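Step one of this worksheet: look at the structure below.
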Amino acid sequence: MARFTVLIAAVILAFVVAVPEVTAKKYTVGENKFWNPNINYTIWAQGKHFYLGDWLYFVFDRNQHNILEVNKTDYENCNADHPLVNWTRGAGRDIVTLNVTKHYYLLDGKGGCYGGMKLAVKVEKLPPPPKAAPVKSTGSVSMATGVAQFVIPFALFSVSTMWDAILRMW
Numbered sequence: 001m002a003r004f005t006v007l008i009a010a011v012i013l014a015f016v017v018a019v020p021e022v023t024a025k026k027y028t029v030g031e032n033k034f035w036n037p038n039i040n041y042t043i044w045a046q047g048k049h050f051y052l053g054d055w056l057y058f059v060f061d062r063n064q065h066n067i068l069e070v071n072k073t074d075y076e077n078c079n080a081d082h083p084l085v086n087w088t089r090g091a092g093r094d095i096v097t098l099n100v101t102k103h104y105y106l107l108d109g110k111g112g113c114y115g116g117m118k119l120a121v122k123v124e125k126l127p128p129p130p131k132a133a134p135v136k137s138t139g140s141v142s143m144a145t146g147v148a149q150f151v152i153p154f155a156l157f158s159v160s161t162m163w164d165a166i167l168r169m170w
């Protein structure tokens, strides 16, 4: 039982100390209208920032549409004859991983491009995190104090639990 308690305490401590920051974002192309004709995907993409590691999720009828990556000229002319990448993989639930900082030109190569099924996105590197503002002492409880009020008792509990487990093993 003591070993189990130590294990639980160690796992919780590991999660508290080393929770990774997740930055990638999933975009469902077209939101609830998905990848279909007569939707302006330029308007859909306006105001969105696409960063390295994000991904585009396409939902469509695979018997009628596909997802091709083409160059800018072919994108502008709805030409699907020379795709750079065919992103169509499965049952109409396909993902384009934005793993290179560049312009992606995507279109439906089965004629849907002429009905507006094309999307251009510019992928950028993540901006640097904002610099921390200097902390002003106001005499009130700060966030650091609040965190300390949680972390210190938790650490003491973890250490005492581990110490208890070690003593029980002897």
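Quick note on the UniProt record's numbering: the sequence shown kicks off at 1 and runs consecutively.
Even glycine gets a Cβ: it sits at the ideal position worked out from N, Cα and C.
Here the structure is a predicted model, which is why all the values come from computation and not from measurement.
Taking 3 residues as the shortest admissible run, the UniProt domain "Phytocyanin" (25-125) contains the following complete beta strand (DSSP E) segments, listed from N- to C-terminal end: 26-28, 55-59, 68-70, 93-97, 103-107, 118-124.
Using a C-beta cut-off of 8 Å, the region 21-36 makes no contact with the region 80-88, since fewer than three inter-stretch Cβ pairs fall below that distance. Of all alpha-carbon atoms in G116, P127, L126, the one lying nearest the alpha-carbon of Y41 is that of G116. Nearest to T88 by alpha-carbon distance, out of K102, E124, D61, is D61.
Taking the Cα positions, L119 is about 14 Å away from K33.
Within the same chain, Cβ atoms closer than 8 Å to the Cβ of H103 are found at K72, A120, V121, K122, V123, the five residues on either side in sequence being excluded. L106 has its alpha-carbon roughly 17 Å from the corresponding atom of L52.
Here the C-alpha atom of Y114 lies approximately 25 Å from the C-alpha atom of F50. Ranked by Cα distance from T97, the first of L56, E31, N38 is L56.
Linking P134 to P128 through their CA atoms gives a straight-line distance of about 18 Å.
Of the other Cβ atoms in all chains shown, fewer than 16 fall within 10 Å of the Cβ of L126; this residue is therefore exposed.
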